[in-house]
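J.: Under the working numbering, read the sequence shown as residues 477 to 722, first letter to last. I'd like to ask some things about the structure below.
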Amino acid sequence: MAEKGEMIRVEKLNKSFGDLHVLKDIDMEVKESDVVVLIGASGSGKSTLLRCMNFLEIKNSGKVIIEGKAVEPNKDNLNKVRQKVGMVFQHFNLFPHKSVLNNVIEAPMMVKKLKRAQAEKEGRELLAKVGLADKADVYPNKLSGGQKQRVAIARSLAMKPEIMLFDEPTSALDPELVGEVLSTMKELAKEGMTMVVVTHEMGFAREVADRVVYMHDGKIVEKGKPADIFNNPKEQRTQDFLSSIL
477 MAEKGEMIRV EKLNKSFGDL HVLKDIDMEV KESDVVVLIG ASGSGKSTLL RCMNFLEIKN
537 SGKVIIEGKA VEPNKDNLNK VRQKVGMVFQ HFNLFPHKSV LNNVIEAPMM VKKLKRAQAE
597 KEGRELLAKV GLADKADVYP NKLSGGQKQR VAIARSLAMK PEIMLFDEPT SALDPELVGE
657 VLSTMKELAK EGMTMVVVTH EMGFAREVAD RVVYMHDGKI VEKGKPADIF NNPKEQRTQD
717 FLSSIL
């Protein structure tokens, strides 16, 4: 099998907010079509790490390397970089005054200058992919939380990113709606989308992840295959965390 290309690598990444040192010398790599799941207690730095990979937060030191190129926020066009790295947030941030389809096609038309007919065709295909073909003309206020989040995923995919980052995409949802969003994410994983996911859904991590990364207090404490992390964690801290939630 050919060696998988490297999509993202962070080296010695540090990030502080004032006196609070949130990320401490983080080293991590994500290869093509990997699904990497970040787990850990709230405040361990997972979301900040994700936001640094998409340059919504700018590191204090270290490197963020996207597809072999170290990105320098003061020199590189971050909007170009963000086209490669899609992100789905906990809150859906849909435009309330636009239909579902118009939410999905807005960025490809504005940013990539896609013609409306083409954007609509691709937009409808994406809505079908996330199971919402029949909701194209509906407005967000008529959707459940799970449906809104699936629209947000379609919107992110519309930019044809090479990497998708998910920041706790199900934590704002009612429990009965979590499954539909996770199954959309599982489909993406099956298709080979490179994904980094921050989640508290351990079943998803166990089933879908290629690697699980446990973070505590701004550091990576342990990483490995899901079976190793969940069944046989080496670090005491990982054991304590898992026994507190499983």
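Glycine is no exception: its CB is placed at the ideal position from the N, C-alpha and C atoms. As the structure is a computational prediction, the values presented were derived from the model and not from experiment.
How should His-463 be labelled, buried or exposed, when 16 other C-beta atoms within 10 angstroms of its C-beta is the threshold for buried?
T.: Not covered by the structure: residue 463. The range shown for the chain is 477 to 722.
J.: Is Met-477 buried or exposed, if buried means 16 or more other CB atoms sit within 10 Å of its CB?
T.: Here residue 477 refers to the residue found at position 1 when the sequence shown is read from its first residue. Unreliable positioning characterises Met-477 in this predicted model, as indicated by a pLDDT of 49, which lies under 50. The coordinate reading is nonetheless provided below. So Met-477 counts as exposed.
J.: Tell me, to the nearest whole angstrom, how far the beta carbon of Met-483 is from that of Glu-638; I am working on the premise that it is less than 8 angstroms.
T.: For the purposes of this step, residue 483 is identified with residue 7 of the sequence shown, where counting begins at 1. For the purposes of this step, residue 638 is identified with residue 162 of the sequence shown, where counting begins at 1. Indeed, because the Cβ distance is near 7 angstroms, the residues count as touching under 8 angstroms.
J.: Going by C-alpha to C-alpha distance, which of Pro-651, Ile-696, Lys-699 and Phe-706 sits closest to Glu-683?
T.: Reading the sequence shown from its first residue, position 207 is the one you call residue 683. Of the listed residues, the one whose Cα sits closest to Glu-683 is Phe-706.
J.: Near Glu-656, which residues of its chain fall below 6 angstroms by C-beta distance, leaving aside the five closest residues on each side in sequence?
T.: Position 180 of the sequence shown, counted from the first residue, corresponds to residue 656. Contacts found: Gly-622.
J.: So who's on the other strand from Ala-691, going by DSSP bridges?
T.: For the purposes of this step, residue 691 is identified with residue 215 of the sequence shown, where counting begins at 1. Correcting the residue type first, residue 691 is Met in the shown sequence and not Ala. Beta-bridge pairing links Met-691 to Ile-696.
J.: What residue from Leu-489, His-497, Lys-491 and Ala-517 has the CA that sits closest to Asp-716's CA?
T.: For the purposes of this step, residue 716 is identified with residue 240 of the sequence shown, where counting begins at 1. It is Ala-517 whose Cα lies nearest to the Cα of Asp-716.
J.: I'd like to check one pair, Thr-660 with Val-606: are the Cβ atoms closer than 8 angstroms?
T.: In the sequence shown, residue 606 corresponds to position 130, counting from 1. In the sequence shown, residue 660 corresponds to position 184, counting from 1. Yes, the pair counts as a contact, with Cβ atoms nearer than the cut-off.
J.: Answer yes or no: do Ala-665 and Val-511 have a C-beta to C-beta separation smaller than 8 angstroms?
T.: Working through the sequence shown from its first residue, we reach residue 665 at position 189. Working through the sequence shown from its first residue, we reach residue 511 at position 35. Yes; because the gap between Cβ atoms is below 8 angstroms, this pair is in contact.
J.: So what's Met-640 in DSSP terms, helix, strand or just coil?
T.: Translated into positions along the sequence shown, residue 640 becomes position 164. Strand, per DSSP.
J.: Keeping to the same chain, check which residues put their C-beta closer than 7 angstroms to that of Gly-599; ignore five residues upstream and five downstream.
T.: Locating residue 599 in the sequence shown gives position 123, counting from the first residue. So the qualifying residues of the chain are Leu-577, Val-580, Ile-581 and Ala-634.
J.: Taking 7 angstroms as the cut-off, does the CB of Gly-607 come closer than this to any heavy atom belonging to the ligand MG?
T.: With respect to the ligand MG, the structure offers nothing, as it holds no ligand at all.
J.: Under 8 angstroms by Cβ, that's how I've got Ile-696 and Met-504 pegged, so tell me the actual separation to the nearest angstrom.
T.: By one-based count along the sequence shown, residue 696 stands at place 220. By one-based count along the sequence shown, residue 504 stands at place 28. About 7 angstroms; that satisfies the 8 angstroms criterion.
J.: I'd like to check one pair, Leu-525 with Leu-532: are the Cβ atoms closer than 8 angstroms?
T.: To locate residue 532, count along the sequence shown from 1; it is residue 56. To locate residue 525, count along the sequence shown from 1; it is residue 49. With respect to Leu-525, Leu-532 sits apart: the two C-beta atoms are not nearer than 8 angstroms.
J.: DSSP state of Ser-537, grouped into three classes?
T.: Position 61 of the sequence shown, counting from 1, holds the residue named residue 537. In the structure shown, Ser-537 sits in a strand (DSSP, three-state: E or B).
J.: Taking the runs of the alpha helix (DSSP H) that are 4 residues or longer, which of them lie wholly in the stretch 601–647?
T.: 621–633
J.: Tell me whether the beta-carbon of Gly-521 lies closer than 8 angstroms to the beta-carbon of Leu-496.
T.: Within the sequence shown, numbered from 1, the residue matching residue 521 stands at position 45. Within the sequence shown, numbered from 1, the residue matching residue 496 stands at position 20. In this structure, Gly-521 sits away from Leu-496, with a CB-CB distance that is not shorter than 8 angstroms.
J.: By how many angstroms is the C-alpha of Met-691 removed from the C-alpha of Asn-708?
T.: Position 232 of the sequence shown, counted from the first residue, corresponds to residue 708. Position 215 of the sequence shown, counted from the first residue, corresponds to residue 691. Rounded to the nearest angstrom, the gap between the Cα atoms of Asn-708 and Met-691 is 16 angstroms.
J.: Among Val-540, His-567, Gln-566 and Phe-565, which one has its Cα closest to the Cα of Leu-554?
T.: On the sequence shown, position 78 is the one that residue 554 refers to. The shortest Cα separation from Leu-554 among Val-540, His-567, Gln-566 and Phe-565 belongs to Val-540.
J.: Report the option in Val-672, Glu-677, Ala-604 and His-676 whose CA atom is closest to the CA atom of Asp-686.
T.: Your numbering for residue 686 matches position 210 in the sequence shown. That would be Val-672, whose Cα lies nearest to the Cα of Asp-686.
J.: Can you check which of these residues, Asp-501, Lys-588, Gln-625 and Glu-663, is closest to Glu-487 by C-alpha distance?
T.: Locating residue 487 in the sequence shown gives position 11, counting from the first residue. Closest option to Glu-487, Cα to Cα, is Asp-501.
J.: For Phe-717, list the residues DSSP reports as bridge partners.
T.: Here residue 717 refers to the residue found at position 241 of the sequence shown. Looking at the DSSP assignment, Phe-717 forms no beta bridge with any residue, so it has no partner.
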